[in-house]
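Read through the structure below, which is laid out as structure tokens, and then see the notes.
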Amino acid sequence: MSARVCPIRHWAERTPEAIAVIGEGRVWRYRDLDLEVTRKEEALRALGARLKSRIAVLGWNSVQKICDFHAAARVGATWVPLNARLAVPERDALLHRIRPALVLGEGDIARQVDADMGTDGEAPRAILFTSGTTGTPRGAELTFGNFDALARASGANLGADPAQRWLLCMPMFHIGGLALVHRCAVYGASVVLHERFDAHAVLRSLHEDDITHLSVVPTQLKWLLDADGRRAPPHLRAVLVGGAAASADLLARARERGFPVLHTYGLTEACSQVATERLAEADGTTSGRPLDGVEVRIDRDGGIQVRGPTVMRGYFEDATATANVFTEDGWLKTGDLGELDERGRLKVHARRSDLIVSGGENVYPAEIEAVLARHPAIAEAAVTALPDPTWGQVPAALWVARPAMEPLPTEASLIAFCRAHLAGFKVPRRFAQVPALPRTANGKLDRKAIAAHFAVPEVHEVLNLVNEHDQRT
0 MSARVCPIRH
10 WAERTPEAIA
20 VIGEGRVWRY
30 RDLDLEVTRK
40 EEALRALGAR
50 LKSRIAVLGW
60 NSVQKICDFH
70 AAARVGATWV
80 PLNARLAVPE
90 RDALLHRIRP
100 ALVLGEGDIA
110 RQVDADMGTD
120 GEAPRAILFT
130 SGTTGTPRGA
140 ELTFGNFDAL
150 ARASGANLGA
160 DPAQRWLLCM
170 PMFHIGGLAL
180 VHRCAVYGAS
190 VVLHERFDAH
200 AVLRSLHEDD
210 ITHLSVVPTQ
220 LKWLLDADGR
230 RAPPHLRAVL
240 VGGAAASADL
250 LARARERGFP
260 VLHTYGLTEA
270 CSQVATERLA
280 EADGTTSGRP
290 LDGVEVRIDR
300 DGGIQVRGPT
310 VMRGYFEDAT
320 ATANVFTEDG
330 WLKTGDLGEL
340 DERGRLKVHA
350 RRSDLIVSGG
360 ENVYPAEIEA
370 VLARHPAIAE
380 AAVTALPDPT
390 WGQVPAALWV
400 ARPAMEPLPT
410 EASLIAFCRA
420 HLAGFKVPRR
430 FAQVPALPRT
440 ANGKLDRKAI
450 AAHFAVPEVH
460 EVLNLVNEHD
470 QRT
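In terms of numbering that gives the first Met the number 0, the sequence shown opens at residue 0 and continues consecutively.
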């Protein structure tokens with residue numbers, strides 16, 4: 000089987016009537032999907048896509064995006080999905096860096112001129128941007144080999160069964176959603192597509208569409224449990240929960256309702272999963288053992304390091320960041336802290352340094368601080384994470400006013416300013432003005448002191464954000 004190049008063609012020839020995708024009111028069998036992917040491939044070539052071309056992708060999940068993803072692979076082009084929640088300045092900055100040959104929108108294809116076709120070497124299968132510690136998004140270059148290795152390793156854990164039916168509600172601009180699409184194609188499984196996550200729609204689909212597997216972040220799992228008191232359907236075999244730390248209480252609550260939850264740990268730079276619980280030993284206390292072929296070690300400071308065929312080749316056009324994220328002997332430094340228990344299971348103690356994980360979305364304080372520093376009334380700002388019962392964490396900001404600045408901005412105006420430059424999930428939920436930012440003896444921002452500042456009720460006002468779900472999109 001030539002699954003690495005085009006698994007859709009393989010299954011179209013072997014099991015043409017098998018269901019590939021259900022979505023947008025239509026059932027796509029592998030025969031149908033192959034015809035549409037072929038049409039898309041021809042369209043991409045006609046518009047100038049070639050080996051090593053970068054194709055930027057905008058928007059939410061759709062059947063056409065699944066077809067475009069596979070068509071780009073046939074061309075040998077690199078898929079570069081951009082977060083649909085990005086503010087226009089953020090999106091445009093990434094497009095300027097990517098220099099794509101084509102931009103795929105919601106229903107059209109726009110040609111980009113003077114595109115850079117890339118450097119020598121194997122073209123990556125995809126480039127997925129994730130914020131770095133500097134606040135500047137970094138593009139993880141993931142190869143065909145990375146995606147295939149992840150599919151094999153995940154299949155060894157969950158089974159490589161064409162009868163599997165995965166519900167896709169994770170966005171395809173994140174590695175969790177994109178890897179799921181590739182994995183199902185490799186094994187000839189079915190995808191039930193949801194454009195975006197909606198708890199009631201997902202629950203209805205779980206019961207009515209014979210879903211066997213689901214992947215969600217902890218916030219989405221909480222919404223599912225809150226939305227409906229029914230038990231999970233008996234045909235549901237596994238629910239992967241990752242993207243952020245899931246509390247033991249949440250996992251226990253899900254298991255009580257019959258949801259076969261499996262805690263998982265991963266990151267974009269390792270093509271999604273690094274470690275995942277096995278059904279036979281799932282108890283929610285760890286993220287399980289590393290996937291087959293993936294190695295995990297803990298450094299002397301408790302940092303989690305990863306090595307194996309799923310690990311990216313580096314960051315897009317950033318040799319310095321690439322060198323810094325790998326050890327001299329080739330291990331990826333995740334920046335997370337954890338330990339391996341006596342059974343080889345991974346327990347993650349903390350997410351990356353300073354990282355805010357809000358509803359499964361990664362937010363770095365430096366990125367928000369850079370935006371606030373551009374406000375005419377703000378001399379400097381510092382951002383921290385606050386616990387939140389719905390999102391897990393939300394950003395909060397301390398700020399120092401410029402001298403003789405009158406009138407001072409209101410919380411509402413600061414929110415509006417941030418919303419014009421940042422995705423909704425990055426906008427701080429609390430603001431407090433201070434005379435000076437807390438710093439350590441060596442002059443660095445004291446993140447613990449900043450967080451403690453918000454623990455004092457009279458220091459800040461809790462913003463009454465109406466319709467929080469819409470605020471984040």
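Even glycine gets a Cβ: it sits at the ideal position worked out from N, Cα and C.
Query, Result
"Within the region 146-200, note down every full alpha helix (DSSP H) run reaching 4 residues or more, in order along the chain.", "174-186"
"How many Å lie between Thr135 and Gly47 at the Cα?", "30 Å"
"Measure the C-alpha to C-alpha separation of Ala188 and Ala19 and round it to an integer number of angstroms.", "6 Å"
"Using the three-state DSSP reduction, which class does Ser507 fall into: helix, strand or coil?", "Any answer about residue 507 is impossible in this case: the structure gives the chain only from 0 up to 472."
"Measuring straight from C-alpha to C-alpha, what distance separates Trp10 and Leu157?", "20 Å"
"Does the count of Cβ pairs from the region 265-278 and the region 330-350 closer than 8 Å reach three?", "yes"
"Just mark Leu290 as buried or exposed, buried being the case when its beta carbon has 16 or more other beta carbons within 10 Å.", "buried"
"Spell out the partners DSSP gives Ser271 in its beta bridges.", "Leu266"
"So which of Ile367, His374, Pro434, Pro232 has the shortest CA-CA distance to Ala395?", "Ile367"
"Helix, strand or coil for Leu43 per DSSP?", "helix"
"Would you call Arg306 buried or exposed, if buried means 16 or more other Cβ atoms sit within 10 Å of its Cβ?", "buried"
"Tell me the rounded alpha-carbon separation between Asp227 and Arg342.", "36 Å"
"Under a Cβ-count criterion, where at least 16 other Cβ atoms within 10 Å of its own Cβ denotes burial, should Arg203 be classed as buried or exposed?", "exposed"
"With a threshold of 16 other CB atoms inside 10 Å of the CB of Gly138, please say whether the residue is buried or exposed.", "buried"
"Return helix, strand or coil for Phe424, following the three-state DSSP convention.", "helix"
"Helix, strand or coil, according to DSSP, for Leu57 in the structure here?", "coil"
"Considering just the uninterrupted stretch of the alpha helix (DSSP H) at Arg252, what are its terminal residues?", "247-255"
"Which one of Met171, Asp209, Thr37, Ile97 has the shortest CA to CA distance from Trp165?", "Asp209"
"Taking the beta strand (DSSP E) that Ile303 falls in, what are its first and last residues?", "302-306"
"With distances taken between CB atoms, is the gap from His374 to Phe430 smaller than 7 Å?", "no"
"Label Leu93 either buried or exposed according to how many other C-beta atoms from any shown protein chain fall within 10 Å of its C-beta, with 16 as the threshold for buried.", "buried"
"Under 7 Å, do Val216 and Gly359 count as touching if we go by C-beta distance?", "yes"
"Measuring alpha carbon to alpha carbon, tell me which of Ile303, Phe315, Asp353 ends up nearest Glu338.", "Ile303"
"Pull up the CB-CB distance for Gly176 and Asn361, whole angstroms please, since I reckon it's below 8 Å.", "Not quite, the Cβ-Cβ distance comes to about 15 Å (not below 8 Å), so this is no contact."
"Does the ligand MG have even one heavy atom less than 6 Å from the beta-carbon of Glu255?", "The model on display carries no ligand, and the ligand MG is accordingly not part of it."
"Tell me where the alpha helix (DSSP H) around Lys447 begins and ends.", "446-452"
"Am I right that Phe424 and Arg8 are in contact with their C-beta atoms under 8 Å? What's the rounded C-beta distance?", "38 Å between Cβ atoms; not a contact."
"For Asp491 and Arg49, what's the separation of their Cα atoms in angstroms?", "Look at the range of the chain in this structure, 0 to 472, and you will see that residue 491 is not part of it."
"Any idea what DSSP makes of Pro136, helix, strand or coil?", "strand"
"Could you tell me whether the Cβ atoms of Glu140 and Phe315 are closer together than 7 Å?", "yes"
"Taking DSSP's pairing of strands, which residues face Arg28 in a bridge?", "Ile18"
"Please return the same chain residues whose Cβ sits closer than 6 Å to the Cβ of Arg124, not counting the five positions on each side in sequence.", "Leu141, Thr142, Phe143, Phe146"
"How many angstroms separate the CA atom of Asp113 from the CA atom of Ala100?", "In this prediction, Asp113 scores a pLDDT of 42, lower than 50, which makes its location untrustworthy; no coordinate-derived value is stated."
"Could you give the DSSP three-state label for Glu294: helix, strand or coil?", "strand"
"Do you know how far the Cα of Arg53 is from the Cα of Phe172?", "15 Å"
"Since Arg28 and Glu16 should fall inside the 8 Å C-beta cutoff, what is the C-beta to C-beta distance between them, to a whole number of angstroms?", "5 Å"
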